[in-house]
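Step one of this worksheet: look at the structure below.
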Amino acid sequence: MYSFLGTDLDAGFHPRRWKRWRPNVGMSASTGVRVDTLVLLHQPEHASLAKLVMEDALSIKSHEGFEVELKEVDFEPFDLVSTFLMMDSLRSSINFRPENTYLLSISTGTHIMQIASYKMAEEKRWPGLIAQCSRGEDLSTAINLIDLDLRKYDLVMARYRLDDLQGESKLKQGIVTLNPAFNNMVSKLQQVASKSRSPILLMGPTGSGKTAMARRLHKVKEEAGLLKGEFVEVNCATLRGDTVMSTLFGHVRGAFTGAQANRDGLLKKANGGLLFLDEIGDLGLDEQAMLLHALEDKIFTPMGSDATVESDFQLIAGTNRDLLESVEQGTFRGDLLARINTWAFTMPGLRDRLEDIHPNITYELDALQKREGVMYRFLPQSLKRYLAFAMSSEALWTGNFRDLASSVERMSTLAINGTIDNGVVSDELSTLKAAWRRASPAIAGSKTTLLEQVLPGHTLNLFEQAQLNLVLSLCREAKNYADLGRKVFGDDVGKNPSQKVRDLLVDHGLNLEKVKVVLHNSIPAGGLK
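Quick note on numbering: this note's numbering labels position 458 of the sequence shown as 458, and the sequence is numbered without any gaps.
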């Protein structure tokens with residue numbers, strides 16, 4: 001047994017010392033574990049007490065062969081580095097024999113010495129066991145061994161993991177999601193929510209669930225006692241003019257035309273709680289600067305006021321933009337992006353989570369049942385048909401989970417006695433297809449090439465793409481094939497340029513009129529960008 005001298009517990013030069021239990025003295029009459037050799041570690045200034053403890057222990061030993069060795073060690077008992085280095089040096093000096101059991105007592109000495117002993121054993125630097133001592137019968141010492149095999153604590157660790165899983169389930173609204181990437185993201189988000197108050201950036205397309213996730217994050221943090229204030233949200237894309245500053249930071253009476261009374265802003269309302277700024281990329285540079293100041297210093301100044309207001313809130317920002325691109329374009333502050341980008345998560349769209357369509361349908365139907373008191377259900381073949389379409393390339397899900405929720409609500413409304421049959425599904429598929437056809441020109445946008453608008457899903461090589469894109473870019477203003485031919489080839493390019501462009505389009509299943517109709521619907525009035 002290796003043990004530190006207890007300058008308080010082992011102390012005493014007066015005969016009264018025999019009236020109380022002293023841990024290292026009682027080692028000689030130990031119970032639970034027999035000690036044959038006690039190596040008593042002591043500092044130089046405590047040599048006299050160490051010698052007395054050795055003599056007292058030997059005087060009451062309960063078995064022959066018990067012996068005490070005094071080992072002088074020089075270190076700072078309240079300094080972890082000094083203590084750990086001393087113990088590591090001690091370990092190196094010991095000739096450990098495999099047939100012996102080596103114990104290390106943590107019952108005496110400072111708390112720093114106990115921590116160092118524990119770390120030595122945990123990291124296998126000490127080839128033995130940790131011992132905990134307590135008073136036995138009379139003056140003897142009872143010795144209990146501490147097993148540091150952490151595998152035995154799996155049940156305890158599993159309980160902590162269960163807490164994490166419960167938090168993750170809340171973040172997923174109880175939906176048993178099947179998409180591995182989404183589940184991994186939620187697992188990480190749960191850890192961040194339970195440990196960090198730094199800003200969180202939720203990225204992803206409209207309808208991917210950023211607002212709903214922000215609300216659930218507030219709930220999880222509130223239940224964990226990490227937030228006491230309320231959930232405050234605003235879509236920055238809806239703010240215009242003076243209302244931006246006023247809505248976020250508040251104003252005093254007379255700050256601008258129409259400001260007839262003082263107004264507290266959302267930042268003050270969110271004090272102690274969570275502020276969710278959706279579409280943060282739509283904020284102007286002035287508002288971004290004030291927001292950064294409020295995040296870093298916990299204070300801001302309302303419009304027209306000289307006095308600052310304090311507010312300590314957690315920020316969650318949402319965006320469907322590439323904010324790094326916005327920084328490069330000069331429309332978003334790089335220092336603000338760096339501040340809110342500590343934890344960034346991308347909420348995937350529904351097209352990236354096709355395996356989660358069925359669980360989300362179940363969730364939506366259950367929610368409708370609770371709200372309306374009607375049990376909704378699909379006929380098996382009807383569900384199979386709907387899922388086959390929902391997971392196919394035909395289903396665009398341009399509004400992501402909003403599209404799906406609306407689709408389920410429409411089908412439940414038309415269901416007779418709560419039963420969604422083939423007729424209801426047929427009607428809904430027609431509704432979805434028509435809606436996506438109408439939406440497709442707006443979706444195409446300026447970042448989508450003309451070729452992708454006219455021939456979605458094409459498999460042309462790069463040369464063919466460049467050639468056809470050039471022709472398509474001239475189709476919209478061409479009066480006829482002859483005009484198109486002149487625009488493409490000029491006037492001195494041999495025979496029949498109009499037939500060449502006609503043949504090029506026909507080879508791809510196109511004609512001039514069809515192309516003009518598609519481009520008329522998809523290109524803004526200002527022309528190609």
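We put the CB at the ideal spot given by N, CA and C, even for glycine.
F231 and S208 have their C-alpha atoms some 20 Å from each other. Put simply, of V220, I316, G330 the residue whose alpha carbon is nearest the alpha carbon of R339 is I316.
L266: member of the alpha helix (DSSP H) spanning 266–269, first to last residue. In the DSSP assignment, R385 falls outside any beta strand (DSSP E) and lies within the alpha helix (DSSP H) extending over 380–390. With a cutoff of 8 Å on beta-carbon distance, M87 and V68 are scored as not near each other. Under DSSP, I299 takes part in a beta bridge, and its partners are E310. Under the Cβ criterion (8 Å, minimum of three pairs), the stretch 121–135 does not count as touching the stretch 43–57. When DSSP states are grouped into helix, strand and coil, R263 belongs to the strand group. Between C236 and D306, the CB-CB gap reaches or exceeds 8 Å. Counting along the chain, the unbroken beta strand (DSSP E) around C133 starts and ends at 129–135. DSSP places E222 in the uninterrupted alpha helix (DSSP H) bounded by 210–223. Note on geometry: alpha-carbon atoms of M347 and F75 lie some 55 Å from one another. In the assembly as shown, H218 is a buried residue. Its beta-carbon has 16 or more other beta-carbons within 10 Å. Membership of F231 in the beta strand (DSSP E) is indicated by the continuous run 231–235.
According to DSSP, I420 shares a beta bridge with F378.
For the pair of segments examined, the stretch 240–252 was found not to touch the stretch 341–360: the number of CB pairs separated by less than 8 Å stays below three. Going by beta carbons, L484 and L472 fall outside the 8 Å limit. DSSP places F256 in the coil class of the three-state scheme, outside both helix and strand. The Cβ atoms of V220 and L171 sit closer than 8 Å to each other. By the Cβ test, the stretch 23–39 is in contact with the stretch 134–141, since at least three Cβ pairs between them sit closer than 8 Å. Rounded to whole angstroms, the gap between the alpha carbons of F96 and D56 is 27 Å. Pairing G109 with F13 gives a Cβ-Cβ distance that is not under 8 Å. Secondary structure note for F13: it is in no alpha helix (DSSP H), with a DSSP letter that is neither H nor E. Straight across, the Cα-Cα distance linking N417 with A390 is about 24 Å. Comparing C-alpha distances from S92 to each of L266, N511, K124, S140 shows the shortest one belongs to K124. In the structure shown, the three-state DSSP call for Y102 is coil. The Cβ atoms of F313 and A270 lie closer than 8 Å to each other. Inter-residue distance for M375 and K479 is about 59 Å (C-alpha atoms, whole angstroms). Between L368 and S412 the beta-carbon gap is near 5 Å, inside 8 Å, which marks them as a contact.
Leaving aside the five residues that flank A214 on each side, the residues in its chain whose CB is nearer than 6 Å to its CB run, in chain order, F276, I316.
For the options R437, M1, I299, the alpha carbon positioned closest to that of V39 is the one of M1. The beta-carbon distance between L468 and L460, rounded to whole angstroms, is 7 Å. This is short enough to meet the 8 Å contact definition. If the five residues before and after K61 are omitted, its C-beta is found closer than 8 Å to the C-beta atoms of S28, A29, all from its own chain and listed in chain order.
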